[in-house]
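Shown next, in structure tokens, is the structure this report addresses.
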């Protein structure tokens, strides 16, 4: 492809006005097609003629005709705009066919999102989803995602974030580890084993906010949140977890809440790239908020 000198390219509005005039046979018909005034079309065509230094149209009474140069230029513009429209429609069709890709923390996906997805597909059976579980803070465009769900305070560079649900942190344990107790003092918590997640360094700061000294605690380490949560259910140790992910565990008595942190800024947020939003993505976002 030869290099385009954009500085010498006539304005797109003028090119559209002339192409529509040539196709529709007059200024008035072109104005109706483009939803502008007759005068606006005429002004754009005259400006285009002045820039090119060539007459493109001429009048014979009430009738508008193209000059030979206008005929040639109109044909080239028609082919060019048709190519652009074909490419744009192909992109729209491709975007409509692709599943909506959503990055999500693995534990949030398995404990919060998956139990609710059947209700989404019941309402929107035509929308395909591709969930991309990843504990890392990934760049949406790098992984080809339309949306992401992130845990934090809602402030990340390069994305638009919308609050989804609060994420209060609680200390939980299996009933057998607690021996019938439902509350523990700081001293009692400090002598029991703790479950630590390898992919959550902020966990230590939250334990300090309770009044514990992480260096003095005995930890059993697991590489990710899913395994850590499974270990907590098995009574291996105390565990710091997002309450929204263990509602069913608490209801069924598989885990017991023994302490709740007062940090209110943490939550789950829906993030997306800046700019226009895919209509399918908006449907999914609105549904997520009704479930929160």
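In the numbering used here, the protein residues as written are -4 to 287. Built from N, CA and C at the ideal position, the CB exists for glycine as well. Note that the structure is a prediction, hence the values are computed from the model and not measured.
N-terminal and C-terminal residue of the alpha helix (DSSP H) that residue i is part of
i, result
"residue 1", "Counting along the chain, residue 1 falls outside any alpha helix (DSSP H), and DSSP gives it neither H nor E."
"residue 168", "Run containing residue 168: none in the alpha helix (DSSP H); it sits in the beta strand (DSSP E), 164 to 168."
"residue 33", "33 to 47"
"residue 205", "197 to 205"
"residue 243", "242 to 247"
"residue 225", "220 to 228"
Neighbourhood of residue i by C-beta distance below 6 angstroms, restricted to the same chain and skipping five residues each side
i, result
"residue 244", "250"
"residue 106", "240"
Proximity below 8 angstroms, CB of residue i to CB of residue j
i, j, result
"residue 200", "residue 192", "no"
"residue 15", "residue 25", "yes"
"residue 213", "residue 189", "yes"
"residue 254", "residue 165", "yes"
"residue 265", "residue 280", "yes"
"residue 235", "residue 187", "no"
"residue 112", "residue 99", "no"
"residue 46", "residue 101", "no"
"residue 262", "residue 140", "no"
"residue 223", "residue 167", "no"
Unbroken beta strand (DSSP E) run spanning residue i, endpoints
i, result
"residue 190", "189 to 192"
"residue 296", "For residue 296 there is no data in the structure shown, the boundaries of the chain being -4 and 287."
Residue i, DSSP secondary structure in three states
i, result
"residue 178", "coil"
"residue 260", "coil"
"residue 10", "helix"
"residue 53", "strand"
"residue 79", "helix"
"residue 123", "coil"
"residue 281", "helix"
"residue 25", "helix"
"residue 152", "coil"
Other residues of its chain near residue i: CB distance less than 7 angstroms, five sequence neighbours each side excluded
i, result
"residue 211", "185"
"residue 209", "199, 202 and 203"
Same chain only: Cβ atoms within 8 angstroms of residue i, ignoring 5 sequence neighbours per side
i, result
"residue 50", "44, 62, 64 and 65"
Anticipated Cβ contact below 8 angstroms, residue i with residue j, distance rounded
i, j, result
"residue 17", "residue 71", "So it is not a contact: roughly 11 angstroms between Cβ atoms."
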